[in-house]
């Protein structure tokens with residue numbers, strides 16, 4: 001039983017297959033979450049518009065890729081633009097590389113492929129919420145350096161949150177753990193993805209480009225992620 005006085009995270013489940021939506025909701029509610037189902041893409045943004053400003057805004061969206069009306073990728077893009085701190089996990093039965101990549105490129109925090117275990121969904125939801133929760137927690141402060149906050153999956157440059165996605169944070173962390181080491185794209189993919197066969201080298205390049213842009217927005221005179229022509233990338237802190 002859950003204490004009625006303890007606020008529960010509300011999760012929006014956007015899934016047009018009723019059996020899947022109900023099964024996922026049952027497991028999430030059994031783990032202490034409140035859920036709200038939506039089965040049509042066109043209803044998502046109006047519901048969020050109404051509820052994000054309320055007393056109990058949703059903490060995370062489970063977003064199916066294939067939906068009637070507005071599709072999941074379009075919704076992911078719109079949600080990320082309007083509510084950049086709202087966590088998103090994509091659900092998909094399509095295994096083509098482009099679908100998985102687009103979900104992450106558009107700002108999704110994670111993806112889950114169908115068929116999936118409801119317990120896996122619960123575990124992934126908890127992990128994404130842990131990573132995103134500290135985004136509003138001022139406890140982690142930075143000095144005149146770059147600090148990684150593993151609890152919130154944040155990177156702080158001079159105390160400023162760089163606003164990294166989960167993939168960008170993983171990429172930065174891998175390189176920061178071995179300053180000066182040159183990582184090939186294959187090595188970075190091995191460390192960042194459960195199955196790197198689903199991604200291409202261009203994906204790593206795209207994430208590095210976005211990561212460097214976010215760092216340069218705060219530190220325009222510094223270049224700490226460096227390209228090594230024909231080899232890969234390295235983290236090179238300034239002396």
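Residue numbers (the UniProt record's numbering): 1 to 239.
The beta carbon of each residue, even a glycine, is placed where N, CA and C say it ideally should be.
For residue 30, the secondary structure class from DSSP, reduced to helix, strand or coil, is helix. Of all alpha-carbon atoms in 159, 208, 67, 158, the one lying nearest the alpha-carbon of residue 170 is that of 208. Beta bridge pairing from DSSP links residue 235 with 225. In the three-state reduction of the DSSP assignment, residue 38 falls in the strand class, which pools E and B. DSSP places residue 92 in the uninterrupted beta strand (DSSP E) bounded by 87 to 92.
When DSSP states are grouped into helix, strand and coil, residue 112 belongs to the strand group.
About 14 Å separates the beta carbon of residue 183 from that of residue 229, a gap too long to meet the 8 Å contact definition. Apart from sequence neighbours up to five positions away, the residues of its chain that approach residue 227 with a beta-carbon distance below 7 Å are 233, ordered along the chain.
If you draw a straight line from the Cα of residue 159 to the Cα of residue 152, it is about 14 Å long.
For residue 79, the uninterrupted alpha helix (DSSP H) run begins and ends at 72 to 82, by DSSP. The beta-bridge partner set that DSSP reports for residue 13 consists of 37, 62. For residue 176, the CB contacts under 7 Å within the same chain, skipping 5 residues up- and downstream, are 148, 235 in chain order.
In this structure, DSSP gives residue 130 a helical state, which the three-state scheme calls helix. When the alpha-carbon of residue 62 is set against those of 35, 180, 46, 50, the nearest one is in 35.
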